[in-house]
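Here's the structure, in structure tokens; my notes come after.
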Amino acid sequence: MSDGPRAGSGGPVRVAVVGLGWVAREVWLPRLLGSPAFRVVAVVEPSAQARAAVPGSHGITALERVEDLRRDEVDLAVVAVPNHLHAPVASGLLRRGVPVFLEKPLCLGSAEAAALTAAEQAGGAVLLGGSAARHRADVRALRQVAASLGALRHVDVSWVRSKGIPDRGGWFTNRTRSGGGALVDLGWHLLDTARVLLRGATGDPEGAELEHVTGAVSADFVNDHAFRAAWRGDGAPVDPVVGDVEDTARGFLVTRSGISIGVRAAWASHQALDTTVVRVEGSGGTAELRCTFGFSPNREGPSRLLLTTDGRTTPVELPAEPVGAEYDAQLASLPTRLADPAARGEAASGARWIAGAIERVYRAADTVRCAERRHAPVDLVPTGAP
-10 MSDGPRAGSG GPVRVAVVGL GWVAREVWLP RLLGSPAFRV VAVVEPSAQA
40 RAAVPGSHGI TALERVEDLR RDEVDLAVVA VPNHLHAPVA SGLLRRGVPV
90 FLEKPLCLGS AEAAALTAAE QAGGAVLLGG SAARHRADVR ALRQVAASLG
140 ALRHVDVSWV RSKGIPDRGG WFTNRTRSGG GALVDLGWHL LDTARVLLRG
190 ATGDPEGAEL EHVTGAVSAD FVNDHAFRAA WRGDGAPVDP VVGDVEDTAR
240 GFLVTRSGIS IGVRAAWASH QALDTTVVRV EGSGGTAELR CTFGFSPNRE
290 GPSRLLLTTD GRTTPVELPA EPVGAEYDAQ LASLPTRLAD PAARGEAASG
340 ARWIAGAIER VYRAADTVRC AERRHAPVDL VPTGAP
């Protein structure tokens, strides 16, 4: 890698992309390579075949190990490795003083969230979190409308796909490597959106802390090849592989200040289209956004935002926005956030809240399953008895 301008010097931000899976290849690399605000100087990926396939790879250093990435030659590492490596890889880079933009989920539990916080503090480099939903124009409009609804009472967030199980047979459906199923994947976006709405309403981080959490999960579709996310181009697994994660999760959360949150994340369902709904209920009215997060082509029509007050429902005008624009907006924000001292600690704090919520939904779901097993009817007649 050759020397280049550092962030804040007026030149492009020198970026290393760590991990060359789907989100790196399809989302981040094309945008980074096409933006004058960034210069991709390195990619890090154990697979030689994946490294060789990087578009425009002339002048980009290809590394097999993240340990070989030099701090003095990179301003930002975009970390997009499999889930179970997110926090370990990011923590290692942060401790070496390398700023990190970490793809969601930032971590797989409270312990990893604490490790990210400690690494950010130890290395003095900023951690930036990847969760694009908050950068959508329709979500920003919802936040503005929600501010006019009086005291916040309830937030309901759901993202239900028709057929959208990602990388079936790969790491997405392996709990050890993914940390969970639809709740970790889609639910991170949903809970981040809910957290943004909570913070805007309460202005008090303590009031947004979770007092009660319950939930349930199911896996009716995860091992059915017909429900895979064909639009990702993953194809069929070579051998029959059984996933051990949920394809659907439902949770109900209550904050310390008494605000309730409903969350539903589903990779697959019996509905025809992939639909995201964010509903905000306040003392002065309700607002509901219907749209489709993500890149799936099985989409609802244009985003719709409805405001209901005093028995009247009126549409709120929304700007037209192409699919994926939220990722462009998030990327455009990175140079400013990278240079902002106030950004330090923000991503790790959000990760602690979201990962803690996910952890507690899973714990509640495990408790329910254990109770079901305890109370299941037992056949007292041995098999084969007369």
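Residue 1 in my numbering sits at position 12 of the sequence shown, and the numbers go up by one each step.
Quick reminder that beta carbons are idealized off the backbone N, C-alpha and C, glycines included.
- Unbroken alpha helix (DSSP H) stretches of 4 residues or longer found wholly inside the segment 35 to 121: 37 to 41, 72 to 84, 99 to 112, given in chain order.
- For Ala276, the three-state secondary structure derived from DSSP is strand.
- Where Leu262 is concerned, there is no enclosing beta strand (DSSP E), because DSSP gives it neither an H nor an E.
- Apart from the 5 residues on each side of it in sequence, Ile250 sits with its Cβ closer than 6 Å to the Cβ of Val144, Ala183, Leu242 in its chain, given in chain order.
- Within 10 angstroms of the beta-carbon of Gln319 lie 16 or more other beta-carbons, which makes it buried.
- Per DSSP, the beta bridge partners of Trp148 are Ala254, Thr265.
- Under the three-state reduction of DSSP output, Leu294 falls in the strand class.
- Per DSSP, Arg20 is one residue of the alpha helix (DSSP H) stretching across 18 to 23.
- Taking C-beta separations shorter than 6 Å and ignoring five residues to either side along the sequence, the partners of Pro35 in its chain run Glu53, following chain order.
- The beta carbon of Ser272 sits closer than 6 Å to the beta carbons of Gly139, Ala140 from its chain, once the five residues preceding and following it are set aside; these are given in chain order.
- Sequence-distant partners of Val115 (beyond 5 residues in either direction) whose C-beta falls short of 6 Å from its own C-beta, in its chain, are Pro88, Ala332, Arg333.
- Contact between Trp17 and Ala69 is confirmed by a C-beta separation of about 6 Å, below the 8 Å threshold.
- Here the segment 248 to 262 makes contact with the segment 282 to 290; the two share three or more CB pairs at distances below 8 Å.
- Beta bridge pairing from DSSP links Thr303 with Leu296.
- Distance from the CA of Arg14 to the CA of Gly23, rounded to the nearest whole angstrom, comes to 13 Å.
- Judged by beta-carbon spacing, Ala39 lies beyond the 8 Å limit of Ala171, meaning their Cβ atoms are not closer than that value.
- Counting of Cβ neighbours within 10 angstroms places Glu315 among the buried residues, the total reaching 16 or more.
- Put simply, of Ala5, Arg28, Val33, Ala353 the residue whose alpha carbon is nearest the alpha carbon of His201 is Ala353.
- With respect to the C-alpha of Ser292, the residue from Asp156, Glu277, Gly300, Arg60 having the closest C-alpha is Glu277.
- A buried status is given to Arg132, since no fewer than 16 other beta-carbon atoms sit within 10 Å of its beta-carbon.
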